[in-house]
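Peer 1:
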Amino acid sequence: DIQMTQSPSSVSASVGDRVTITCRASQGSSHSVAWYQQKPGKAPKLLLSAVARLESGVPSRFSGSGSETGYTLTISSLQPEDVATYYCQQYYRPPWTFGQGTKVEIK
Amino acid sequence: EVQLVESGGDLVQPGRSLRLSCTGSGFTFGDYTMSWVRQAPGKGLEWVGFIRSKDYGGTTEDAASVRGRFSISRDDSKSIAYLEMNSLQTEDTAVYYCTRDRSAYGGDAFDIWGQGTVVIVSS
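Order-wise, the sequence lines are chains W and B.
Okay, so the first sequence: first residue is 1 according to the numbering used here, each after it adds one.
Okay, so the second sequence: first residue is 108 according to the numbering used here, each after it adds one.
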């Protein structure tokens, strides 16, 4: 199985700050990586797929990068509505696996 | 509107069975692989399994944690995917989400999620 190790587990930043979340895959995932946002009590929402493809309607302050075993989600200017838990996921080889999640809060 | 709605969640005793349903609308249900993802209380996301579109044989894959106990099926005429759960254990307690894989074969991101249905396994 491909393990996805996500860090940090939580981050507290000020409005306007740049926030970076990383995900390390135990094996190469050939760009088959997605990022999801989950707000409390809600279902996850797809933000980016194929590492860097932004979903329709997702603000451009969200971006993704990386390759093979290292992937990054960046929020260029943190907004209050970005408070949520973020998960990476590989869909290169079943079983699909998620990172442990990163909780983003406003300082 | 493209939508998934889960139903069937309940409080059940350990060892019992339960069937969850996922009804899709607003898209051609049969064209997509459908997955189930669960989230235990206060925990992260865990993929449970998927069923491919009939174009790819309607075959299934599942997580080791549920293999032999859970099975996934689909009725494209009704736009419904099912998660049959047998021999339920307390560790199966979770919110169960139905998701749409953007591909027919399986191997793309989950672009549509249902609201989730709660399964509690307790005596």
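Cβ atoms here follow ideal geometry from the backbone N, Cα and C, with glycine treated the same way.
Please name the residue in G115/B, V144/B and V109/B whose C-alpha comes closest to that of V226/B.
Peer 2: In the second sequence, counting from the first residue as 1, residue 226/B sits at position 119. With distances taken between Cα atoms, V226/B lies closest to G115/B.
Peer 1: Pull up the distance between the alpha-carbon of A13/W and that of T85/W, whole angstroms please.
Peer 2: Walking along the first sequence from the start, residue 13/W turns up at place 13. Walking along the first sequence from the start, residue 85/W turns up at place 85. Each residue's alpha carbon lies about 14 Å from the other.
Peer 1: Report buried or exposed for A147/B, applying the criterion of at least 16 other Cβ atoms within 10 angstroms of its Cβ.
Peer 2: Looking up residue 147/B in the second sequence gives position 40. Per the 10 Å Cβ criterion, exposed.
Peer 1: Could you tell me whether any Cβ in chain W is nearer than 8 Å to the Cβ of Y204/B?
Peer 2: As a position in the second sequence, residue 204/B is number 97, starting the count at 1. For Y204/B, the answer is yes, since a Cβ of chain W falls inside 8 Å of its Cβ.
Peer 1: What would DSSP say about E108/B, mapped onto helix, strand or coil?
Peer 2: Mapped onto the second sequence, residue 108/B falls at position 1. It is coil, neither helix nor strand.
Peer 1: For chain B, find out if any of its Cβ atoms is closer than 8 Å to the Cβ of T5/W; answer yes or no.
Peer 2: For the purposes of this step, residue 5/W is identified with residue 5 of the first sequence, where counting begins at 1. No, T5/W does not count as interfacial toward chain B.
Peer 1: List the residues that DSSP assigns as beta-bridge partners of I2/W.
Peer 2: Translated into positions along the first sequence, residue 2/W becomes position 2. Answer is none; I2/W lacks a bridge partner.
Peer 1: Counting contacts by CB-CB distance shorter than 8 Å, is S32/W in contact with chain B?
Peer 2: Here residue 32/W is taken as the residue at index 32 of the first sequence, counted from 1. Yes, S32/W counts as interfacial toward chain B.
Peer 1: By the DSSP assignment, the beta strand (DSSP E) with A52/W in it spans what residues?
Peer 2: Residue numbering aside, residue 52/W sits at position 52 when the first sequence is read from its first letter. No beta strand (DSSP E) holds A52/W; DSSP gives it neither H nor E.
Peer 1: Quick one: what's got a C-beta closer than 8 Å to R126/B's C-beta in the same chain, skipping five residues either side?
Peer 2: By one-based count along the second sequence, residue 126/B stands at place 19. Cβ neighbours of R126/B within its own chain (closer than 8 Å, five residues either side excluded): G115, Y189, L190, E191 and M192.
Peer 1: With DSSP as the reference, label D138/B as helix, strand or coil.
Peer 2: Your numbering for residue 138/B matches position 31 in the second sequence. Note: D138/B maps to helix in three-state DSSP.
Peer 1: Straight-line CA distance for G16/W to S77/W?
Peer 2: The count along the first sequence starts at 1 and reaches residue 16/W at position 16. The count along the first sequence starts at 1 and reaches residue 77/W at position 77. Their Cα atoms are separated by approximately 4 Å.
Peer 1: L73/W: which of S7/W, G28/W and K42/W sits nearest, CA to CA?
Peer 2: For the purposes of this step, residue 73/W is taken as the residue at position 73 of the first sequence. Looking at the Cα atoms, S7/W is the closest of the given residues.
Peer 1: Alpha carbon to alpha carbon, how far is V112/B from I219/B?
Peer 2: Here residue 112/B refers to the residue found at position 5 of the second sequence. Here residue 219/B refers to the residue found at position 112 of the second sequence. Straight-line Cα distance between these residues: approximately 11 Å.
Peer 1: So C88/W and V33/W are in contact, right, with Cβ under 8 Å, and what is the actual spacing, rounded?
Peer 2: Walking along the first sequence from the start, residue 88/W turns up at place 88. Walking along the first sequence from the start, residue 33/W turns up at place 33. About 6 Å separates the two Cβ atoms, so the contact holds.
Peer 1: Counting along the chain, where does the beta strand (DSSP E) carrying E168/B start and finish?
Peer 2: Start at 1 with the first residue of the second sequence, and residue 168/B comes out as number 61. Taken as a continuous stretch (DSSP letters only), the beta strand (DSSP E) holding E168/B covers T167 to D169.
Peer 1: Can you tell me the Cα-Cα spacing of D215/B and Y91/W, whole angstroms?
Peer 2: The residue given as residue 215/B occupies position 108 in the second sequence. The residue given as residue 91/W occupies position 91 in the first sequence. For D215/B and Y91/W, the distance between alpha carbons rounds to 6 Å.
Peer 1: Which residues mark the beginning and the end of the beta strand (DSSP E) in which Q37/W is found?
Peer 2: As a first step, residue 37/W is located in the first sequence; it is residue number 37 there, counting from the start. Per DSSP, Q37/W belongs to the beta strand (DSSP E) from V33 to Q38.
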